[in-house]
Amino acid sequence: MSQGLLDAQGAANGAPDAQAAAGAVPDANDPHFSRRAFLKFGATVGVAAGGGLLLGFSVLALSQGQGQAGKSMIGGDASEPAPAGVFAPNAFIQIDTAGSVTLVIPKVEMGQGVYTSIPMLIAEELEVSLESVTLDHAPPDATRFMDPLLGAQATGGSTSIRYAWDPMRKAGATARMLLINAAAQQWHVDPASCHAHAGHVIHAASRRSIGYGQLVTAAAKLPVPQNVPLKDPKDFRIIGTAVKRLDSPEKVDGTALFGLDVRVPDMVYAAIATCPVFGGTLASVDDGNAKKIAGVRQVVKVDNAVAVIGDHTWAAKRGLAALDIRWNEGAGATLSMTQIVDDLAGAANDGAGAVARKDGDVEKGFSDARTRVDAVYQQPFLAHATMEPVNCTVHVRADGCDIWLGTQVPTRIVDVAVQITGLPTGKITVHNHLLGGGFGRRLEVDMAIQALKIGKQVGTPVKVVWTREEDIQHDMYRPYYYDKISAGLDANGKPIAWQHRIAGSSIMARYAPPAFQHGLDPDAVEVSANLPYDLPNQVVDYVRQEPRAVPTAFWRGVGATRGTFVVECFIDELAAQAKVDPVKYRRDLLGKSPRVLNVLDTAARAAGWGSTSLPQGRGRGVSVMHAFGSFFAMVADVRVDHGEVTVNRVVCAVDCGMVVNPDTIEAQVQGGIIFGVTAALYSEITIRDGRVEQSNFTDYRMLRIDQTPNIEVHIVKSTEAPGGIGEPGTAALAPAVVNAIYAATGKRLRRLPVGDQLRSA
4 MSQGLLDAQG AANGAPDAQA AAGAVPDAND PHFSRRAFLK FGATVGVAAG GGLLLGFSVL
64 ALSQGQGQAG KSMIGGDASE PAPAGVFAPN AFIQIDTAGS VTLVIPKVEM GQGVYTSIPM
124 LIAEELEVSL ESVTLDHAPP DATRFMDPLL GAQATGGSTS IRYAWDPMRK AGATARMLLI
184 NAAAQQWHVD PASCHAHAGH VIHAASRRSI GYGQLVTAAA KLPVPQNVPL KDPKDFRIIG
244 TAVKRLDSPE KVDGTALFGL DVRVPDMVYA AIATCPVFGG TLASVDDGNA KKIAGVRQVV
304 KVDNAVAVIG DHTWAAKRGL AALDIRWNEG AGATLSMTQI VDDLAGAAND GAGAVARKDG
364 DVEKGFSDAR TRVDAVYQQP FLAHATMEPV NCTVHVRADG CDIWLGTQVP TRIVDVAVQI
424 TGLPTGKITV HNHLLGGGFG RRLEVDMAIQ ALKIGKQVGT PVKVVWTREE DIQHDMYRPY
484 YYDKISAGLD ANGKPIAWQH RIAGSSIMAR YAPPAFQHGL DPDAVEVSAN LPYDLPNQVV
544 DYVRQEPRAV PTAFWRGVGA TRGTFVVECF IDELAAQAKV DPVKYRRDLL GKSPRVLNVL
604 DTAARAAGWG STSLPQGRGR GVSVMHAFGS FFAMVADVRV DHGEVTVNRV VCAVDCGMVV
664 NPDTIEAQVQ GGIIFGVTAA LYSEITIRDG RVEQSNFTDY RMLRIDQTPN IEVHIVKSTE
724 APGGIGEPGT AALAPAVVNA IYAATGKRLR RLPVGDQLRS A
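Using my numbering, the first residue of the sequence shown is number 4, and each one after it goes up by one.
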């Protein structure tokens, strides 16, 4: 998969076309074409496109240049050639003559811990301590920093450690071997008689030791060794240990730089008002009163928005409030949730969908079944609501363009800047920063497009910051999904027929068109089309139904989140129909999925499933999931009191393969669960008269710290390759909570969020 595959605008960036690189695009109607298959396809093409990106070390060195926004240990970007005397054996490691080690991190840090876990992989093989390294952001460069699992230089899809596991260790091991060879050559000894430790090469027989800094000049002249062996896991000293986050100190003392922190000389500030109606445009604006306000410099019109430019944010906001704006609302002004849901229901009920999986004879299974169970599940639009609102600072000039922001897709930012400014790629500089929350929101480039259009009219550096209201009301939303699901049960209550239709927006069709084949979105059917259960006769299909002008985007595990909620709630319904304990019911269907069975048993045992009774109004619920290469089971304990749900406790068992940093895994699962509880209980974006009704945390409710459940994370030991961890915690949570609500109240809820349904019941 080339970078162009993930480029919404289709801008070329030098990577070859996906089909030419891979030979053919896989058949999306293949019953096994899951999101994992999509990512595997991406890996194949990405390696071809990258030209030995990760494992060929004849790449140019990177520097420690920091751009114009200032330098923090983790706030820079490596965008210029390395200075003389710096040993840079590959794109990720630089060692200077003083022995200082800089690691260039190919992923962006948005709270998930990659600025600790990826350095752990490199440092393990390089034989340096984590305390001794400095970290830099990687610049936009798909050739050097492409993630072959995504086919782009991107952070998302819970791929960071899956992508980094072998290449980052090999980068460290290759650099270490070069340094050992340089020392051995200097000492006239066999390299095999030397070893590295704590930034030194040691020759034990002669008790000689030399620091890396003294070897860099000689090492840079040596041929790069091929196929350097990696450490046996039993010899790991860093990987697998609980390491404190390297980015925490600077985040605590305030020196870490997020996009919102950018300050550059002569910078002005923009306050934005965007047409409140989807698809509407700017008709006219009377700016006479605004221009009378002290500090207001300029009023800028762009497409469907107007911006006031001020010497400071307060002047810009006051100027914006003084504008008299008229909008062309257009046909979208009548759009309502009823229309959107009716469209989805019609799509789910009419005709045939694109088949994602088909096994056995479903019609015969239903005809042989003793009982049939049918259900419809619905999940709402969701905003990302990142703590750091959308922002972008730009300086557009005739001779170049600088962009400061936090983004998950730096090369796509370059592409849109080229399109909007007309400048060549070499004149575009992206200064990437830490992200105050991503969740898929910063896979998008709309904020940069708007800032660049404003910047072209301003001339000086301008910081564009969306207010919380703008952020929530002009987000790109997790799609509304409508699922029809049916099962036929035999005399023992076991499913012998399974039919699942998914209707909803296709993010892939917009974001990665080559992945959308024959009407099938591989992300939309993730989990649903690859269940761990033994289902002999099943069909899963998908119908694309776009929500009329409402923009949709990735949201912390879209397909897996949707699919796990529907499937795991429905499995509970079948267990109830069969009058079988929900854990036992699942166990009986998991004979071919030992890793799922293992996490289920671990979570159930830790939660005391079946061993203790709960008082009235309390209930326990369970869910399992296999997604992102990891295996999850959750048990939620809830209390329902007068329609208000409190999640008291969540026990999670996770098998994510080899563990890099157990503390990061625990933190990611905890954060994912909290994110998931918020969405399950409260979160919903609704449309009325073409407008988003929610505007801030007053009506787009967040889980408060005193409402956070006790969370237990049990990591199952595994020798398998690492799986993803950023999204599974969120994806597996909602069904466990909803199933627990049923256990507490006897009320079966098939629509999220749950709160209002219980209060009105």
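A virtual CB, placed ideally from N, CA and C, is assigned to each residue, including glycine.
Could you check where the beta strand (DSSP E) with residue 330 kicks off and where it finishes? For this step, residue 330 is matched to residue 327 along the sequence shown. Counting along the chain, the beta strand (DSSP E) containing residue 330 begins and ends at 327-331.
Buried or exposed for residue 95, going by 16 or more other Cβ atoms inside 10 Å? The residue labelled residue 95 in the question sits at position 92 within the sequence shown. Result: buried.
Distance, Cα to Cα, residue 198 vs residue 208? Along the sequence shown, one-based indexing puts residue 198 at 195. Along the sequence shown, one-based indexing puts residue 208 at 205. Rounded to whole angstroms, residue 198 to residue 208 spans 11 Å at the Cα level.
Determine the direct distance from the alpha carbon of residue 358 to that of residue 539, and round the result to whole angstroms. Here residue 539 corresponds to residue number 536 of the sequence shown, with the count starting at 1. Here residue 358 corresponds to residue number 355 of the sequence shown, with the count starting at 1. In a straight line, the C-alpha of residue 539 is about 16 Å away from that of residue 358.
Distance, residue 547 Cα to residue 507 Cα: Taking the first residue of the sequence shown as position 1, residue 507 is located at position 504. Taking the first residue of the sequence shown as position 1, residue 547 is located at position 544. One C-alpha to the other measures close to 5 Å.
Closest Cα partner of residue 278 within the set 270, 287 and 741: Taking the sequence shown and counting its residues from 1, one reaches residue 278 at position 275. The shortest Cα separation from residue 278 among 270, 287 and 741 belongs to 287.
If you draw a straight line from the alpha carbon of residue 76 to that of residue 139, how long is it in whole angstroms? Start at 1 with the first residue of the sequence shown, and residue 76 comes out as number 73. Start at 1 with the first residue of the sequence shown, and residue 139 comes out as number 136. Caution applies to residue 76, whose pLDDT of 44 falls short of 50 and renders its modelled position unreliable; the value that the coordinates give is listed next. The straight-line gap from Cα to Cα measures roughly 7 Å.
Which of helix, strand or coil does DSSP assign to residue 381? Position 378 of the sequence shown, counting from 1, holds the residue named residue 381. Residue state, collapsed to three classes: strand.
Would you tell me roughly how many angstroms separate the C-alpha atoms of residue 450 and residue 703, rounded to the nearest one? Here the question's residue 450 lines up with position 447 in the sequence shown. Here the question's residue 703 lines up with position 700 in the sequence shown. Between residue 450 and residue 703, the C-alpha separation is close to 21 Å.
Residue 671 in three-state terms, based on DSSP: What you label residue 671 is simply residue 668 of the sequence shown in a count that begins at 1. Three-state result, residue 671: helix.
Would you call the region 301-310 and the region 456-463 touching, i.e. three or more CB-CB distances under 8 Å? yes
Count Cβ pairs between the region 747-759 and the region 682-691 that sit closer than 8 Å; are there 3 or more? yes
Selection from 342, 439, 406 and 260 that minimises the alpha carbon distance to residue 430: Looking up residue 430 in the sequence shown gives position 427. Of 342, 439, 406 and 260, the residue nearest in Cα terms is 406.
C-alpha gap between residue 17 and residue 145, whole angstroms: Residue mapping note: residue 17 aligns to position 14 of the sequence shown, counting from 1. Residue mapping note: residue 145 aligns to position 142 of the sequence shown, counting from 1. Below a pLDDT of 50, predicted positions are generally treated as unreliable, and residue 17, at 32, falls in that range; no measurement from the model is reported.
Does DSSP put residue 774 in a helix, a strand or coil? What the structure shows of the chain is the stretch from 4 to 764, and residue 774 is not part of that stretch, so it cannot be assessed.
In its own chain, which residues sit with a C-beta less than 6 Å from the C-beta of residue 228, not counting the 5 before and 5 after it? Start at 1 with the first residue of the sequence shown, and residue 228 comes out as number 225. Contacts found: 180.
Counting pairs of Cβ atoms below 8 Å between the region 474-488 and the region 382-390, do you hit three or more? yes
Using the three-state DSSP reduction, which class does residue 171 fall into: helix, strand or coil? Mapped onto the sequence shown, residue 171 falls at position 168. If DSSP states are grouped into helix, strand and coil, residue 171 belongs with the helices.
For residue 471 versus residue 392, is the C-beta distance shorter than 8 Å? As a first step, residue 471 is located in the sequence shown; it is residue number 468 there, counting from the start. As a first step, residue 392 is located in the sequence shown; it is residue number 389 there, counting from the start. The answer is yes: Cβ separation under 8 Å.
Mapping DSSP to helix, strand and coil, what is residue 278? As a first step, residue 278 must be located in the sequence shown, where it is residue number 275. Correct three-state label for residue 278: coil.
For residue 663 versus residue 242, is the C-beta spacing smaller than 8 Å? Locating residue 663 in the sequence shown gives position 660, counting from the first residue. Locating residue 242 in the sequence shown gives position 239, counting from the first residue. Against a cut-off of 8 Å, the Cβ pair of residue 242 and residue 663 comes out as a contact.
Given this structure, state the Cα-to-Cα distance separating residue 435 from residue 260, to the nearest angstrom. The residue given as residue 435 occupies position 432 in the sequence shown. The residue given as residue 260 occupies position 257 in the sequence shown. Approximately 10 Å between the Cα atoms of the pair.
Would you tell me roughly how many angstroms separate the C-alpha atoms of residue 312 and residue 226, rounded to the nearest one? Counted from its first residue, the sequence shown places residue 312 at position 309. Counted from its first residue, the sequence shown places residue 226 at position 223. About 55 Å.
Output yes or no for whether 8 Å exceeds the beta carbon distance between residue 628 and residue 567. Locating residue 628 in the sequence shown gives position 625, counting from the first residue. Locating residue 567 in the sequence shown gives position 564, counting from the first residue. Yes. Within cutoff.
Pull up the distance between the alpha-carbon of residue 694 and that of residue 281, whole angstroms please. Here residue 694 refers to the residue found at position 691 when the sequence shown is read from its first residue. Here residue 281 refers to the residue found at position 278 when the sequence shown is read from its first residue. So the alpha carbons of these two residues sit roughly 7 Å apart.
What are the boundary residues of the alpha helix (DSSP H) that residue 514 is part of? On the sequence shown, position 511 is the one that residue 514 refers to. Here the alpha helix (DSSP H) through residue 514 covers 510-514.
Residue 449: first and last residue of the uninterrupted beta strand (DSSP E) it sits in: Mapped onto the sequence shown, residue 449 falls at position 446. Where residue 449 is concerned, there is no enclosing beta strand (DSSP E), although the alpha helix (DSSP H) it sits in stretches over 449-461.
Is residue 150 helix, strand or coil by DSSP? Mapped onto the sequence shown, residue 150 falls at position 147. Reduced to three states, the DSSP call for residue 150 is strand.
Return helix, strand or coil for residue 369, following the three-state DSSP convention. In the sequence shown, counting from the first residue as 1, residue 369 sits at position 366. Helix at residue 369.
Which same chain residues, not among the five before or five after residue 713, have their C-beta less than 6 Å away from its C-beta? Along the sequence shown, one-based indexing puts residue 713 at 710. The residues are 652.
If I follow the unbroken beta strand (DSSP E) through residue 197, where does it start and stop? Here residue 197 refers to the residue found at position 194 when the sequence shown is read from its first residue. Here the beta strand (DSSP E) through residue 197 covers 197-200.
When DSSP labels each residue in this structure, what does residue 760 get in the three-state scheme? Indexing the sequence shown from 1 puts residue 760 at position 757. Looking at residue 760 - three-state DSSP - the assignment turns out to be helix.
Give me the residue from 378, 485, 612 and 522 with the minimum Cα distance to residue 624. The residue labelled residue 624 in the question sits at position 621 within the sequence shown. Here the closest residue by C-alpha is 612.
Which runs of the beta strand (DSSP E) fall wholly inside the region 204-277 and span at least 3 residues, in chain order? 211-214 and 271-277
Between the Cα of residue 601 and those of 565, 573, 659 and 562, spot the shortest distance and give me the residue it belongs to. Stepping through the sequence shown from its first residue, residue 601 is reached at position 598. Taking only the C-alpha atoms, the option nearest residue 601 is 659.
Would you check if the distance between the CB atom of residue 164 and the CB atom of residue 725 is smaller than 8 Å? As a first step, residue 164 must be located in the sequence shown, where it is residue number 161. As a first step, residue 725 must be located in the sequence shown, where it is residue number 722. Contact flag set, yes.
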